[in-house]
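Before any comments, here is the structure.
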Amino acid sequence: MSEKKQIPEVDIVVDQEAGVIREVKPEHLRSKSGHERRVNTSVYVILVLMSVIWLAPFVFLVFQSFRSYATESGAMVAYLLPKQWSLDNYRWLLTDPSSKFLRWYGNTLIVAAFCAVLQTFMVLSVSYTLSRLRFRGRKLIMNVVLVLGMFPGFLTMITLYFLLKQLGLTQQGAVPGMILIYVASSGMGYYISKGFFDTIPKSLDESARIDGATRAQVFRMIIMPLAKPIVIYTILMAFMAPWGDYVFASYIAFGSEPNYNVAVGLYQWVNVADYQGFFTRFCAGGVLVAVPITILFLALQKYYVEGVTGGAVKG
Amino acid sequence: MTDLEYFKLSKPQKMLRDAGGFFARLPKGIGTGVRKLGMLIVNILKGIGANLSDLVTTFKDGDWKTRLSYLIMGFGSFARGQWGRGLLFFLFQTVFNLYMFFPNASISGCYYLGKLSTLGTIETYKEGRRTVYGDNSFFILLYGVLTLFFIAAFIYTWRVNVKQNRISEQLLKSGHKLKTTKDDLDSLRDEQFHKTMLALPTLGVTVFTILPILFMILVAFTNFDATHQPPSKLFTWVGWDNFRQLLSSDTASYGDTFRHVLLWTLIWAFFATFLNYFLGMLVAIMINKKGIRLKKMWRTILVMTIAIPQFVSLLYVSKMFAADGLINTYLMKWGWISSPLPFWTDPTWARVTIIVINVWIGIPYLMLIATGILMNIPADLYESARIDGANAFQMYKKITLPYMLFVTGPYLLTSFTGNINNFNVIYLLSQGKPLSLQLSGNAGHTDLLITWLYKMTVNDTNYKLAAVMGILVFVVTAVINLIVYNMIPSVKNEEDFQ
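Going line by line, the protein sequences match chains A and B.
Here the working numbering is used: the first residue of the first sequence is 308, the next is one more, and so on.
Here the working numbering is used: the first residue of the second sequence is 8, the next is one more, and so on.
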């Protein structure tokens, strides 16, 4: 499956020409009809327009993050390009004593790092077991998870909040609390990696078993090395999710500002605190969060694409 | 009707027949469901009966080691040299007994179980300046449920413990050797490997998902809200009152608001799923078109919206559309409009804006998925279609679309249910606003059930209604899933992939 995807250009919409024989020729030898050229031009126009729409908000965000806080305002203003470019906002975020940004950033980073390790461990054990081992109760487990998945996740939060509060894992202890919440139930998100394990031929396991390997050895020495793409995909997803989580984080850290994650903290700046003054600071903070995550994501894009396409096909 | 006759029908006739077929199957489907449920109950009863009679025979036929195991769990295993298993059984029994009959009565399982029917009767009161705490309904309910869990687990373990004795006896009688503790440990890496792998995830899901869900289902039948908050106040069982309050249309109830929010939730989920699906597919087709260069660049540009955390992009975009945001101010500066467009203040505008922005978020995902699938469609299908003189649109309709729908059927379903619970997009864009006097319970015109649930919890601490709403979200999701699973042919035969 993955090999097929490597073939770079298979065309789907085909030109209207009836001359089929000419189609076989390589692209550059073929004389393009006026019609096809017109179609291609309009596709280019659409794609360029789309690129502008897709990139514009991010470009605007960067522009506004560089607006000088001292000589202009930190509020939303009626123009886009800063009159004076400066690093005021970044300086404030990183050095001002009243800015909690670095703390939030650290919180999120810790949560994301722990999740990346522990959640991957959980997801892979569940998906491997359900995909390749056969035992009593396997179908039952899958059905129970399916039904549990139909309840809105936030419903459990209400109970968990009080439970965690008993353990001191809310507000002051929000960071370990968040890790616990994200990791504990993460085994339920096994679908995509199970789909991946399903595609590895069973004969591999069987021949290893005949050679005397235990099931644990098969998992460690045969399957894991083959599963690199899905391991990377799972780590990537587990690492990225905490950066965007608002709903759980806002509830666990409720009212305890130093223990917010970046999403909750910046949300407060934009919507609850006086956002008029904090708007450009929000932009700068957004840039600081988005840049590393985006670079990481684009670098590992290949694995992400394999994961989502595989997952969508298997459902 | 044969297949051939079916194909001869015109488009509307076919659709009519398909839809009719679904409803024609519905009674039969319900019938099958009821029958299956009946069978299940019969099977459960039979199972209990078989277990009971097995318990009796084990006791009658067993030696003294077996018989003593009925009282002291794990005794038989110990006596037969399987000390590992024996120890586990014994430990479990000890912990269970300690929990149930703890000397300090107010934290023992029996205490909570006894109070479960009232959820506490002793009020908290003030004695001068000192507060004397009474019962805490929250913990009574929570630990009550936990105790029930524990009892069920105990009965199961006890049964396994008895069964072990029976099996061991029979093995010894037929001259076999019993497994040593070392064998048991080794098997955890081999035959019983699934237990090793699933132990931690199961524990996590049980404590952090199943227990809370059961607890919240029970909360839906209590009056746990802002005026009944432990530890200072008790709450108690109220039956179906909360469901009535949320669903009926009296002035004091939320019925009208609920229907309003539910309708919007479904409209939203429909557009968020299908609009993104078709537009995303279209974009994928455009990028994959023969003769289009820089395919990788176009894809990467679109994928940016996936990479950047949603709270950054959505919060920023939401501000772009605000009354004093970039879009309105520039449109006014250019003189195209004289007053700001009501993106977030008019209900219809807000809804359309949200759906459009969600297209911006959603197209890249679908573009990626569709690209992968489109590449797998055999090229000769198109080749032969072209020889038959089909044009681009016909090929799309007859080859691309059916193939995509067939392959992504299950994905569409998960994506639809995912959108019903799509908290982030709504909350970060509009927080459910605009609010309105026609709606009660703080709901706004763009609130989904899930964001309304969040507001009820965080702003109003109205846990009882939040719980009811959670259950209703479940019902909606489950019904949609059932219907769709009935309609799409079961394409998923797991083992086929292996």
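The beta carbon of each residue, even a glycine, is placed where N, CA and C say it ideally should be.
Buried versus exposed call for residue i [16 or more other C-beta atoms within 10 Å across all chains shown]
| i | result |
| --- | --- |
| Asn58 of chain B | exposed |
| Val612 of chain A | buried |
| Arg588 of chain A | buried |
| Gly496 of chain A | buried |
| Ile48 of chain B | exposed |
| Leu210 of chain B | exposed |
| Met383 of chain A | buried |
| Ile344 of chain B | exposed |
| Pro315 of chain A | At Pro315 of chain A, the pLDDT of 42 sits below 50, so the modelled position is not reliable and the matter cannot be decided from this model. |
| Met528 of chain A | exposed |
| His342 of chain A | exposed |
| Gln445 of chain B | exposed |
| Gly617 of chain A | buried |
| Ile129 of chain B | exposed |
Endpoints, the beta strand (DSSP E) within which residue i is located
| i | result |
| --- | --- |
| Glu134 of chain B | 132-134 |
| Val139 of chain B | 137-139 |
Assigned secondary structure, residue i (DSSP; H/G/I helix, E/B strand, else coil)
| i | result |
| --- | --- |
| Arg42 of chain B | helix |
| Arg306 of chain B | helix |
| Trp399 of chain A | helix |
| Leu573 of chain A | helix |
| Gly451 of chain B | strand |
| Trp275 of chain B | helix |
| Arg358 of chain B | helix |
| Trp90 of chain B | helix |
| Ser437 of chain B | coil |
| Leu207 of chain B | helix |
| Trp71 of chain B | helix |
| Pro316 of chain B | coil |
| Ala57 of chain B | helix |
| Ile344 of chain B | coil |
| Asp257 of chain B | coil |
| Pro404 of chain A | coil |
| Asp353 of chain B | coil |
| Ala31 of chain B | helix |
| Met382 of chain B | helix |
| Met488 of chain B | The amino acid at residue 488 of chain B is misidentified as Met; the sequence shows Asn. Asn488 of chain B falls in the helix class under three-state DSSP. |
| Gly83 of chain B | helix |
Enclosing alpha helix (DSSP H) for residue i [first to last residue]
| i | result |
| --- | --- |
| His235 of chain B | Run containing His235 of chain B: none; DSSP gives neither H nor E here. |
| Gly496 of chain A | Counting along the chain, Gly496 of chain A falls outside any alpha helix (DSSP H), and DSSP gives it neither H nor E. |
| Gln508 of chain B | Beyond the ends of chain B as shown, which are 8 and 505, falls residue 508 of chain B; an answer cannot be given. |
| Arg439 of chain A | 408-439 |
| Met340 of chain B | Per the sequence presented here, residue 340 of chain B reads as Lys, with Met not at that position. It spans 333-340 - the alpha helix (DSSP H) in which Lys340 of chain B sits, taken as one unbroken run. |
| Gln401 of chain B | 399-402 |
| Asn450 of chain A | 445-455 |
| Ile488 of chain A | 481-491 |
| Met463 of chain B | 456-465 |
| Ile394 of chain B | 386-394 |
| Lys472 of chain A | 460-473 |
| Thr424 of chain B | 408-427 |
| Ser510 of chain A | 509-517 |
| Gly116 of chain B | 116-122 |
Beta-bridge partners of residue i, as assigned by DSSP
| i | result |
| --- | --- |
| Trp361 of chain A | Answer is none; Trp361 of chain A lacks a bridge partner. |
| Trp244 of chain B | B:Thr229 |
| Leu195 of chain B | None, per the DSSP bridge assignment. |
| Trp550 of chain A | Partner(s): none; Trp550 of chain A has no beta bridge. |
| Arg374 of chain A | A:Trp392 |
| Leu442 of chain B | B:Gly451 |
- Query: Between the segment 466-478 of chain B and chain A, which residues of the former have CB atoms less than 9 Å from a CB of the latter, in chain order?
  - Reply: Hits within the stretch, in order: Tyr470, Ala473, Ala474, Met476, Gly477, Ile478.
- Item | Residues within the segment 305-322 of chain B neighbouring chain A, beta-carbon criterion of under 8 Å | Of all residues in the segment 305-322 of chain B, the ones placed with a Cβ closer than 8 Å to any Cβ belonging to chain A are Trp305, Thr307, Ile308, Leu309, Val310, Met311, Thr312, Ile313, Ala314, Ile315, Pro316, Gln317, Phe318, Val319, Ser320, Leu322, in chain order.
- Message: Closer than 7 Å between beta carbons: that is the criterion. Which residues of the segment 550-566 of chain A meet it against chain B?
- Response: For the segment 550-566 of chain A, which is checked against every Cβ of chain B, the residues closer than 7 Å are Trp550, Gly551, Tyr553, Val554, Tyr558.
- Closer than 8 Å, Cβ to any Cβ of chain B: which residues of the segment 351-366 of chain A, in chain order? Those would be Tyr351, Ile353, Leu354, Met357, Ser358, Ile360, Trp361, Leu362, Pro364, Phe365, in chain order.
- Taking only beta carbons into account, state which residues of the segment 192-203 of chain B come closer than 7 Å to chain A, listed in chain order. Taking 7 Å as the Cβ-Cβ cut-off against chain A, the residues of the segment 192-203 of chain B that qualify are Arg196, Asp197, Phe200, His201.
- Item | Selection of the segment 441-467 of chain B by Cβ proximity to chain A, strictly under 7 Å | Against chain A - using a Cβ distance shorter than 7 Å - the residues of the segment 441-467 of chain B are Ile457, Leu460, Tyr461, Thr464, Val465.
- Query: Which residues, in chain order, does the segment 375-387 of chain B contribute to contact with chain A at a C-beta distance below 7 Å?
  - Reply: Listed by position, the residues of the segment 375-387 of chain B near chain A (Cβ gap below 7 Å) are Leu375, Ile376, Gly379, Ile380, Leu381, Met382, Asn383, Ala386.
- Message: Against chain A, which members of the segment 327-338 of chain B pass a CB distance test of less than 8 Å?
- Response: Correct list: Met327, Ala329, Asp331, Gly332, Leu333, Thr336, Tyr337.
- Message: Please list, in chain order, the residues of the segment 513-524 of chain A that have any C-beta partner in chain B closer than 7 Å.
- Response: Residues passing the 7 Å Cβ filter: Thr521, Arg522, Ala523.
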